[in-house]
């Protein structure tokens with residue numbers, strides 16, 4: 001069962017992403033340690049598209065790798 005848009009937004013907020021509203025139902029999610037943004041389209045109650053879930057999961061994994069690397073360096 002696909003996640004809802006609101007669930008993806010919640011995951012991004014917990015990971016430190018900031019929301020920059022865009023036009024209509026689109027929102028742009030940025031993180032200071034990642035080079036590219038994630039664009040989420042759709043209302044909060046809608047099911048997330050598989051590609052969007054994949055983008056969010058990849059971004060969260062990349063953040064975890066960055067945090068692990070920082071901990072190793074310390």
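In my numbering, the protein residues as written are 1 to 74. Don't be surprised by glycine CBs; every beta carbon is placed ideally from N, CA and C.
Whole-angstrom distance between residue 6 and residue 45, CA atom to CA atom
Position 45 of the chain shown, counted from the start, is the residue given in the question as residue 45. Position 6 of the chain shown, counted from the start, is the residue given in the question as residue 6. For residue 45 and residue 6, the distance between alpha carbons rounds to 7 Å.
Ignoring anything shorter than 3 residues, give me the beta strand (DSSP E) runs that lie fully in the region 3 to 46, in order along the chain.
18 to 21, 26 to 30 and 38 to 41
In terms of residues, what are the limits of the alpha helix (DSSP H) holding residue 59?
Taking the chain shown and counting its residues from 1, one reaches residue 59 at position 59. Its alpha helix (DSSP H) spans residues 50 to 73.
Can you tell me whether residue 26 is buried or exposed? The criterion is at least 16 other CB atoms within 10 Å of its CB, across all chains shown.
Walking along the chain shown from the start, residue 26 turns up at place 26. Exposed.
In angstroms with no decimal places, state the Cα-to-Cα distance between residue 23 and residue 31.
Within the chain shown, numbered from 1, the residue matching residue 23 stands at position 23. Within the chain shown, numbered from 1, the residue matching residue 31 stands at position 31. Approximately 20 Å between the Cα atoms of the pair.
Look at the alpha carbon of residue 65 and the alpha carbon of residue 49, and state the distance between them as a whole number of angstroms.
As a first step, residue 65 is located in the chain shown; it is residue number 65 there, counting from the start. As a first step, residue 49 is located in the chain shown; it is residue number 49 there, counting from the start. So the two alpha carbons sit approximately 25 Å from each other.
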